[in-house]
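Residue numbers (the numbering used here): 53 to 229. Ideal Cβ placement from N, Cα and C applies to all residues, glycine included. Take a look at the structure below.
Laid out in structure tokens, this is it:
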């Protein structure tokens, strides 16, 4: 799609971040999780206080995907101690890439992903990694298509439901010194 911009999210954008976070997470997972678990997760994970804390963490980066000034998706990247599994100081975690359902299949997720790879290159990361729910087949296929391979798993808590995330990584080519 033309005219899609990938722009950093700033503290003043927290309400837009909350809106897109709740909406895209709900669109992605509501049909296959209980209403109670979804409500609890959305309230805790996407509260203004929680998002402000994440936005103010220098080791986390947020980006909006915008089309004609409308936020249609977003991404959260983590480095250093912000990484969920603290895999490696020289690694980049993609914690979230979410796109509004109406824009699925229109390369918005790919643009966000390519921006993550650009950020990883700028920081000379050894690899990029992420966790993806074992039942999120669309996302697993997306990451496999982009060269990621599974290397481990961990438990992800959604409300009171213990779910399994597959950990996947992409080793980046080493640059010549």
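{"Query": "Express the C-alpha separation of residue 131 and residue 173 in angstroms, rounding to a whole number.", "Result": "13 Å"}
{"Query": "Using 10 angstroms around the beta-carbon of residue 85, count the other beta-carbons present and answer buried if the total reaches 16, otherwise exposed.", "Result": "buried"}
{"Query": "Could you pull out every residue in the same chain whose Cβ sits closer than 7 Å to the Cβ of residue 250, ignoring the five residues on either side in sequence?", "Result": "Any property of residue 250 remains undetermined from this structure, which presents the chain solely from 53 to 229."}
{"Query": "How would you label residue 221, buried or exposed, when you count the other beta carbons within 10 angstroms and need 16 or more for buried?", "Result": "buried"}
{"Query": "Just list the alpha helix (DSSP H) runs in the segment 173 to 228, keeping only unbroken ones of 4 residues or longer that don't cross its boundaries, in chain order.", "Result": "189 to 197"}
{"Query": "Does DSSP put residue 150 in a helix, a strand or coil?", "Result": "strand"}
{"Query": "When you compare the CB positions of residue 59 and residue 118, do they come within less than 8 Å of one another, or not?", "Result": "yes"}
{"Query": "By the three-class DSSP mapping on this structure, what secondary structure does residue 64 have?", "Result": "helix"}
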